[in-house]
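Read left to right, the sequence shown gives residues -26 to -1, 1 to 513 (mature numbering (1 follows the signal peptide of the UniProt record, and there is no 0)).
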Amino acid sequence: MARFKKAIVAASAALALTTAPWSTQAADHSDVAAPTLSGLQAEAVRGVASREKMIQEIIDSLFSFSELGFQEFETQAYMTELLEKEGFSVEEGVSGMPSGWWATWGSGKPVIALGSDVDGIPKASQMPGVAYRQPMVEGAPGHGEGHNSGHSLTVAAAVAVKEIMEREGLPGTLVIWPGIAEELVGAKSYYARDGRFEDVDAVLFTHVGRNLQTSWGGDRGTGLVSVQYEFNGVAAHGAGDPWRGKSALDAVELMNVGWNYKREHLRPLQRSHYVVVDGGDQPNVVPSKASVWYFIREITAKHILENFESLQEIAEGAAMMTGTTVERRIIGSAWPRHFNKVIAERMYHNIQAVGLPEWSEDDQAFALAVQDLMDADNLEEEGLATKLSELQGPPEKPISGGSDDIGDVSWNVPTVTLRFPSNIPGTIGHNWSSAMAMATPIAHKGASAGAKVLAATMIDLLTEPELLEDAWSYFREEQLKDIEYVPFISDDDVPAIEKNAAIMMQYKEQLKPFYYDPSKYSTYLEQLGVDYPQLKPKR
Ligand SMILES: [Zn+2]
């Protein structure tokens, strides 16, 4: 045990560029109270530690591709090649999504599926490692959420564990799958509907965060229906004979007014928002086509469906008022999340054993500069996290907020989400500021800590059948006690794979010169000529 702890300290010390005033943090998370890992778990953790280079290359490569949802084709090609090289069989184009893939290795039970999202954010292009706004390509997408980092954990952990399974003759199947178009909540309900999790025993999902943490239960964040309404009217000359026209844009505007009045009489937990996708072509032509895209969010499936029904009535009312017709298309959907108590508790034990990364002085200086730039307030601590958060159970009262279609997965199979500290606290979500750290040592170290927790938890699940039995008892007897999962999508709905195609086509050629070339540069920052932490532009 003692030998193992030394190995971990040595591995993180090798990563740190300088010893820092923050080095006291090492004492914080290696005090007597922290549990330690031994045996196969310690070995799996060492296996991850020996793959720091792999983690860095995956994070930096996916960052450089800057791909939006349903258009993750460079990411797919990169991941497929890497996973095949590591011995996985990869199926491409799954569940009607050409950019999707599904990688498996091994045989028999248990089946452990590791997932993470891969898509970026529109207009979030940002040079990493510099503490000021500088798009790499003006107007282009970028990783302003940090979804470029998650699969460095799944691959590093899976490869480290696979090595042990092979040597020890441990039965089991490892699956690695992507959250395609998570920013459109566009894929996971289709995977679930198509039975992709039917033989899976547990899902370990990872998502970038600002600390190393996990949670169980529900009532934290919303689920949603994402739906686009298209109105069809009659075109006419806007001045010559407007009385002969029926304006689809009028219908969109009336629908939005209707919903904005309705809003006042909904539970405060709801969140709803829209963008006008098509408002016509030019003012002197009465718009014969117009469309609006809504996200309808609530804490419970029942309330999501109620609000969705109201929205549908308002759309039909707007069509009646304008003499137009209306059709709708489901773009995405997500059930509210519910995470497995048994697996989360075990994962939290491993989180305490692994602890937070040892940040260098440079990492902390960069984080502080970014927090200053973004006027970050309400921070639990300044700079990067040095204290582990608690294991989160269900909140006393439901907490509203964002959604993730991992919700649908969590109602099909015992699931947890591991958050790992690859990003800087206090940056704005879905914004270029959340891309600044995502190809720097902060992202690499945060992912490495997360991958160690993932690997240790996989060993738990592979070697303790009773742990999985308990997880399934919680799933069946507690989680599903009063709630039956019925997907928000029907058998006829299809993924909205046309989304983002035009944007990616517009920017792809400009982004290509920025793709990371690991054969020439040891890091992406080196390729970009960034002096990390670059706090001011070079003269
Ligand atoms: Zn996300």
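C-beta: ideal position from N, C-alpha, C; glycine also.
Chain-order list of residues whose beta-carbon lies under 8 Å from that of Ala475 (same chain, five-residue window excluded): As a first step, residue 475 is located in the sequence shown; it is residue number 501 there, counting from the start. Closer than 8 Å at the Cβ level, and outside the excluded window around Ala475, lie Phe44 and Gln45.
For the structure I just gave you, are there three or more beta carbon pairs, one from the region 368 to 388 and one from the region 295 to 309, closer than 8 Å? Output reads yes: the region 295 to 309 touches the region 368 to 388.
In chain order, what residues of the same chain have a beta carbon less than 8 Å from the beta carbon of Val504, not counting five sequence neighbours either side? Numbered from its first residue, the sequence shown carries residue 504 at position 530. Excluding sequence neighbours, Val504 sits near Met101, Pro102, Gly103 and Val104.
Just the C-alpha distance for Glu500 and Val135, rounded to the nearest angstrom, thanks. The sequence position of residue 500 within the sequence shown is 526, counting from 1. The sequence position of residue 135 within the sequence shown is 161, counting from 1. Each residue's Cα considered, the two are about 31 Å apart.
Sorry if obvious, but does the Cβ on Val383 come closer than 8 Å to a heavy atom of ligand 1? In the sequence shown, counting from the first residue as 1, residue 383 sits at position 409. Within 8 Å of the C-beta of Val383 there is not a single heavy atom belonging to ligand 1.
Are the region 322 to 337 and the region 421 to 435 in contact at 8 Å, needing three or more beta carbon pairs? Output reads yes: the region 421 to 435 touches the region 322 to 337.
Near Val(-18), which residues of its chain fall below 7 Å by C-beta distance, leaving aside the five closest residues on each side in sequence? Locating residue -18 in the sequence shown gives position 9, where the first residue counts as 1. Any answer about Val(-18) is weak, because its pLDDT of 39 lies below 50 and its placement is not dependable; what the coordinates show is given next. When the five nearest sequence neighbours on each side are left out, no beta carbon in the same chain lies closer than 7 Å to the beta carbon of Val(-18).
Near ligand 1: Val177 beta-carbon under 8 Å from a heavy atom: Position 203 of the sequence shown, counting from 1, holds the residue named residue 177. No.
With three or more beta-carbon pairs closer than 8 Å as the criterion, would you say the region 345 to 356 touches the region 244 to 261? In short, these stretches do not touch, since the Cβ pair count stays below three.
Can at least three beta-carbon pairs, one atom from the region 448 to 464 and one from the region 46 to 59, be found at a separation below 8 Å? In short, these stretches do not touch, since the Cβ pair count stays below three.
For ligand 1, any of its heavy atoms closer than 8 Å to the Cβ of Val92? By 1-based counting over the sequence shown, the position of residue 92 is 118. Every heavy atom of ligand 1 is 8 Å or more from the Cβ of Val92, so no.
Endpoints, alpha helix (DSSP H) assigned at Asp91: The residue you call residue 91 lines up with position 117 of the sequence shown. Counting along the chain, Asp91 falls outside any alpha helix (DSSP H), though it belongs to the beta strand (DSSP E) covering Val85 to Asp91.
Please return the same chain residues whose Cβ sits closer than 7 Å to the Cβ of Tyr495, not counting the five positions on each side in sequence. To locate residue 495, count along the sequence shown from 1; it is residue 521. Once the five neighbours on either side are set aside, the close Cβ partners of Tyr495 are Gln501.
Rounded to whole angstroms, what is the Cα-Cα separation between Gly212 and Trp75? Sequence index remark: in the sequence shown, residue 212 carries index 238 (1-based). Sequence index remark: in the sequence shown, residue 75 carries index 101 (1-based). Gly212 and Trp75 have their C-alpha atoms some 49 Å from each other.
What is the rounded straight-line gap between the Cα of Gly80 and the Cα of Val208? Taking the first residue of the sequence shown as position 1, residue 80 is located at position 106. Taking the first residue of the sequence shown as position 1, residue 208 is located at position 234. In a straight line, the C-alpha of Gly80 is about 59 Å away from that of Val208.
Environment of Ser334 [buried if 16+ CB atoms lie within 10 Å]: Position 360 of the sequence shown, counting from 1, holds the residue named residue 334. Label assigned to Ser334: buried.
Decide if the region 413 to 432 is in contact with the region 31 to 43; the criterion is three or more beta carbon pairs, one per stretch, under 8 Å apart. Touching, yes, given that three or more Cβ pairs across the two stretches are closer than 8 Å.
Coil, strand or helix - Trp(-5) by DSSP: Your numbering for residue -5 matches position 22 in the sequence shown. Reliability of the predicted coordinates at Trp(-5) is poor, the pLDDT of 36 falling under 50, and no value is obtained from them.
Kindly indicate which three-state DSSP category Phe205 falls into: helix, strand or coil? Here the question's residue 205 lines up with position 231 in the sequence shown. DSSP places Phe205 in strand when its eight states are reduced to three.
Give the range of the alpha helix (DSSP H) segment to which Tyr106 is assigned. Here the question's residue 106 lines up with position 132 in the sequence shown. Where Tyr106 is concerned, there is no enclosing alpha helix (DSSP H), given that its DSSP letter is neither H nor E.
Is any heavy atom of ligand 1 found at a distance shorter than 8 Å from the C-beta of Ile156? Reading the sequence shown from its first residue, position 182 is the one you call residue 156. The sequence given here places Glu at residue 156; Ile does not occur at that position. Checking the Cβ of Glu156 against ligand 1 gives yes.
Can you tell which of Ser284, Val328 and Pro415 has its C-alpha closest to the C-alpha of Lys27? By one-based count along the sequence shown, residue 27 stands at place 53. Comparing C-alpha distances from Lys27 to each of Ser284, Val328 and Pro415 shows the shortest one belongs to Pro415.
Identify, in the order they occur along the chain, each residue of the same chain with its Cβ nearer than 7 Å to the Cβ of Ile402, setting aside the five sequence neighbours on each side. In the sequence shown, residue 402 corresponds to position 428, counting from 1. Excluding sequence neighbours, Ile402 sits near Met348 and Ser408.
Quick check: the Cα distance between Phe488 and Ile317, rounded to an integer number of angstroms? As a first step, residue 488 is located in the sequence shown; it is residue number 514 there, counting from the start. As a first step, residue 317 is located in the sequence shown; it is residue number 343 there, counting from the start. When only Cα atoms are considered, Phe488 and Ile317 end up about 40 Å apart.
Environment of Arg351 [buried if 16+ CB atoms lie within 10 Å]: For the purposes of this step, residue 351 is taken as residue 377 along the sequence shown, with counting starting at 1. According to the sequence provided, residue 351 is Asp. The question's Arg does not apply to it. Answer is exposed; the Cβ neighbour count stays below 16.
In the structure shown, what three-state DSSP assignment does Asp434 receive? Locating residue 434 in the sequence shown gives position 460, counting from the first residue. The answer is helix: DSSP assigns Asp434 an H, G or I state.
Nearer than 8 Å: is that true of the beta carbon of Glu119 relative to any heavy atom of ligand 1? Here residue 119 is taken as the residue at index 145 of the sequence shown, counted from 1. The nearest non-hydrogen atom of ligand 1 is less than 8 Å from the C-beta of Glu119.
At which residues does the alpha helix (DSSP H) containing Ser407 begin and terminate? Within the sequence shown, residue 407 is the residue found at index 433, counting from 1. First-last for Ser407: undefined, no H or E at that position.
Could you please give the first and the last residue of the uninterrupted beta strand (DSSP E) stretch that includes Trp76? Taking the first residue of the sequence shown as position 1, residue 76 is located at position 102. Where Trp76 is concerned, the enclosing beta strand (DSSP E) stretches over Trp75 to Ser81.
Starting from the N-terminal side, write out each stretch of the beta strand (DSSP E) that is 3 residues or longer and does not extend beyond the region 216 to 240. The qualifying runs do not exist here; there are none.
Top-ranked residue by Cα proximity to Met71, from Val129, Ser163 and Glu140: Taking the first residue of the sequence shown as 1, we reach residue 71 at position 97. Nearest option by C-alpha distance: Ser163.
Among Val129, Leu198, Leu144 and Glu142, which one has its Cα closest to the Cα of Thr180? As a working mapping, residue 180 is identified with position 206 in the sequence shown. Of the candidates Val129, Leu198, Leu144 and Glu142, Val129 places its Cα closest to the Cα of Thr180.
Taking all protein chains shown into account, decide if Gln338 is buried (16 or more other Cβ within 10 angstroms of its Cβ) or exposed. Taking the sequence shown and counting its residues from 1, the one referred to as residue 338 is at position 364. It is buried - the Cβ of Gln338 has at least 16 other Cβ atoms within 10 Å.
Out of Glu17, Lys263, Asp466 and Leu127, which has the shortest C-alpha to C-alpha gap to Arg141? Start at 1 with the first residue of the sequence shown, and residue 141 comes out as number 167. For Arg141, the closest of Glu17, Lys263, Asp466 and Leu127 by C-alpha to C-alpha distance is Glu17.
Assess contact between the region 286 to 298 and the region 467 to 474, defined as three or more Cβ pairs (one per stretch) separated by less than 8 Å. Is contact present? No, the region 286 to 298 does not touch the region 467 to 474.
Test: Lys486 CB closer than 9 Å to a CB of chain B: Although the question refers to chain B, the structure presented lacks it and comprises just one protein chain.
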